[in-house]
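Report on the following structure.
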Amino acid sequence: MATDTLKRTPGAGGSAGAVRRLLLENGALTALIVLVIAMSALSGDFLTTDNLLNVGVQAAVTAVLAFGVTFVIVSAGIDLSVGSVAALSATVLAWTATSHGVPVLIAVLLAVATGIAAGLVNGFLIAYGKLPPFIATLAMLSVARGLSLVISEGSPIPFPDSVSHLGDTLGGWLPVPVLVMIVMGLIAAFVLGRTYIGRSMYAIGGNEEAARLSGLRVKKQKLAIYALSGVFAAVAGIVLASRLSSAQPQAADGYELDAIAAVVIGGASLAGGTGKASGTLIGALILAVLRNGLNLLNVSAFWQQVVIGVVIALAVLFDTLRRKAGATPVAAGTGAGGGKGKQAGTYALAAVVTVAIVGATSFLHNGSSASADRKMGLSLSTLNNPFFVQIRAGAQAEAKKQGVDLTVTDAQNDASQQANQLQNFTSSGVGAIIVNPVDSDAASNSVKAADKADIPVIAVDRGVNNAKTEALVASDNVAGGELAAKSIAEKLGGKGKIVILQGQAGTSAARERAQGFENGLNAFPGIQVVAQQPADFDRTKGLDVMSNLLQAHPDVQGVIAANDEMALGAIKALGSKAGKSVSVVGFDGTPDGLKAVEGGSLYASVAQQPTQLGRIAVDNALRALDGEKVQQTVKVPVKVVTKENVAGFSG
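Structure, rendered in structure tokens:
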């Protein structure tokens, strides 16, 4: 039953009125068509079979999550926990199957049961505990993410090979995630349109009190609704982890917002009572087309956030205008006869129009890809850190010098988003790819795909596991960690109490630097580590975490931070103690870090010369393109920079 089928209102006669009504009643579909046509016209790389399949793969996880969220939003609720529940479910599967030898089938059932359990807790808190859905699911967001980190100990867990096939293709071309998305979409459509619980969702969302008075067991229905959302979240988590070949404790971070956006863009109302699976699918495809197209057009990742936010706002505004124009939702079960046939006809007409226009625009790009060998893609783990900004600067300077068209993307510390970006580079036929992996294991499948397409891949700063790269351009994080530990220990005379600020849990840089700290401190038994806490490579979190640790350990004499940003936050928390009674050592040699070293508040920074990393990576990519032999590992020396030698150092 399509409860959000819209009644036509009299007064808009003629063909113009019919077209206007068609556009108003199918706003999301119209937006998708316009986007596809626009991207096809703007980029010759968009309208290829490989890239369109990429769009489907990239939409799959968001769509599956969004189908579950559709149930909740139709019933006038909200679920902010689906991203964290997805990560937790995947972690449970990998942990039980890989670390504890549980049969894979049982591990999969445990993962799904985890999603159901999380959903039932949400439903219980909302239905019986009378908590607002926003608060209850926000709490579950934190609990599920925390449990994922606890179970995995902050590190990715390899996924079972038999389940990892969910991230593969059938027949070498049809992606399994797309098939999973279609199947889950059909299930969601069936639940909404053909089941008692589906009718209950619309009734509760339309008027909960009226539904209760009519005899509907609202509390039990809410339990079932949130449990269904948990099931879909678990499936999404399994598909995501399969693509990455590992369960990432930080996976799907923020995906709940994409899922909610897809539902709203698809025509559902946050007030409840309206929404359908087909609209949600269209909403997810719109987000995927936007991200894919903007990447191909080399639009900054920061501007991509702006564009997507504007699209969400416009979608809600359009829905408001649509209702003011006289399109009103039909009550559940009262849709006019023939509505489904008419809807199918609308979709068929839209497909014909899209194919015709896109076919015409494709002539604009005939023969336009002759210089693909001078195009490169650079995917950085994040651009919210000055270290990686310097890598980008070095790479861009070298690319400009060599006449290379370099496209830079920001994965925002999301391994899944980086996988999408690498797939986009591969399908667009760039000459070479440079990748700074969010996680060394998670990047492997995407790098294998590039290698299969004969595109050389250069890894920078972090390596890629279980996949071939032409070269790794990096400094040694473990060796750098050992130098940092040695520096602080020697400064303290081999005795004293220190704290360690760790990087973002789950990232290879955090693990490797922590290993280096441990190795280096083993040589100084007089140094006591009184506390170790993650501050996620972030200056603000470094400030907050250090402020908290000082309450418990006011007599601390030294701090090791896994990057300069956290070290600078720690200096702020220490105040006048920094550089006097407390010595702080950072990592990376960023401009702000070196300035603090020069000023004396930061004792030392283990500098990696990130600008050189970017420059050398581009140079090696060009050598690989020209068929020259490339050194498998190119090590850029790290250097401990103190006040004595900072004047002569250049990153």
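Numbering-wise, the sequence shown is residues 11 to 661 according to the working numbering.
Every residue, glycine too, gets a C-beta built ideally from N, C-alpha and C.
- If you draw a straight line from the Cα of Pro259 to the Cα of Gln622, it is about 32 Å long.
- Shown here, Leu388 sits in a strand according to DSSP, grouped into three states.
- Gln561 is classed as exposed because its beta carbon has fewer than 16 other beta carbons within 10 Å across all chains shown.
- Out of Gln618, Leu42, Lys587, Ser586, the CA that lies nearest to the CA of Gly599 is found in Gln618.
- When Cβ pairs closer than 8 Å are counted between the two stretches, the segment 234 to 241 is seen to touch the segment 80 to 96, the count reaching three or more.
- Val84 is not a Cβ neighbour of Gly293, given a cutoff of 8 Å.
- Sixteen is the threshold: since fewer than 16 other Cβ atoms of the shown chains lie within 10 Å of the Cβ of Trp183, the residue is exposed.
- Thr72 is the residue among Thr72, Thr101, Val173, Ala213 whose C-alpha sits nearest the C-alpha of Arg301.
- In the assembly as shown, Gly289 is a buried residue. Its beta-carbon has 16 or more other beta-carbons within 10 Å.
- Our two residues, Gly277 and Thr40, have alpha carbons roughly 12 Å apart in a direct line.
- The straight-line gap separating the alpha-carbon atoms of Val228 and Leu130 is approximately 14 Å.
- When C-beta atoms of the segment 494 to 507 are compared with those of the segment 530 to 538, three or more pairs fall below 8 Å, so the two segments count as touching.
- With a cut-off of 8 Å on Cβ pairs, the segment 422 to 439 is not in contact with the segment 396 to 409, counting fewer than three such pairs.
- Segment contact: the segment 512 to 519 against the segment 444 to 464, three or more CB-CB distances shorter than 8 Å; contact assigned.
- CA-CA distance, Leu493 to Ala614, rounds to 10 Å.
- With distances taken between CA atoms, Asn655 lies nearest to Leu604 out of Ile465, Leu604, Lys507, Leu416.
- Ranked by Cα distance from Gly247, the options Leu297, Gly125, Val112 are led by Gly125.
- Taking the Cα of Ala146 as reference, the smallest distance to any Cα among Leu393, Leu90, Val112, Gly491 is reached at Leu90.
- When the beta-carbon positions are compared, Val188 and Val46 stay at least 8 Å from each other.
- For the pair Gly552 and Glu575, the CB atoms are nearer than the 8 Å cut-off.
- Here the segment 99 to 118 lies against the segment 250 to 257, with 3 or more beta-carbon pairs under 8 Å apart.
- Shown here for Asp268: same chain residues with a beta carbon closer than 7 Å to its own, the five before and five after excluded, namely Thr72, Leu297 in chain order.
- Distance from the Cα of Val445 is smallest, within the candidate group Ala481, Lys411, Ser438, Gly439, for Ala481.
- DSSP places Leu304 in the helix class (H, G or I) of the three-state scheme.
- For Ala583, the enclosing alpha helix (DSSP H) covers residues 574 to 584.
- The C-beta distance from Ile468 to Ala634 rounds to 7 Å, short enough to fall under 8 Å.
- Annotation: Leu280 to Gly156 spans about 28 Å, alpha carbon to alpha carbon.
- 8 Å or more divides the Cβ of Gly441 from the Cβ of Ala489.
- Membership of Pro544 in any alpha helix (DSSP H) is not indicated; the residue belongs instead to the beta strand (DSSP E) covering 537 to 544.
- Listed in chain order, the non-local C-beta contacts of Phe77 below 7 Å within the same chain comprise Met194, Gly195, Ala198, Phe242, Ala287, Thr290, local neighbours out to five positions each way being set aside.
- In this chain, Val67 is not harboured by any beta strand (DSSP E); it is covered by the alpha helix (DSSP H) spanning 59 to 84.
- In the DSSP assignment, Ile167 is bridged to Ala257.
- Collapsing the DSSP output to three states places Gln512 in a strand.
- In this structure, Leu578 and Ala606 form a Cβ contact; the two beta carbons are roughly 6 Å apart against a cut-off of 8 Å.
- Judged by DSSP secondary structure, Gly490 falls within the alpha helix (DSSP H) whose first and last residues are 487 to 501.
- At a Cβ-Cβ threshold of 8 Å, Val566 and Lys507 count as neighbours.
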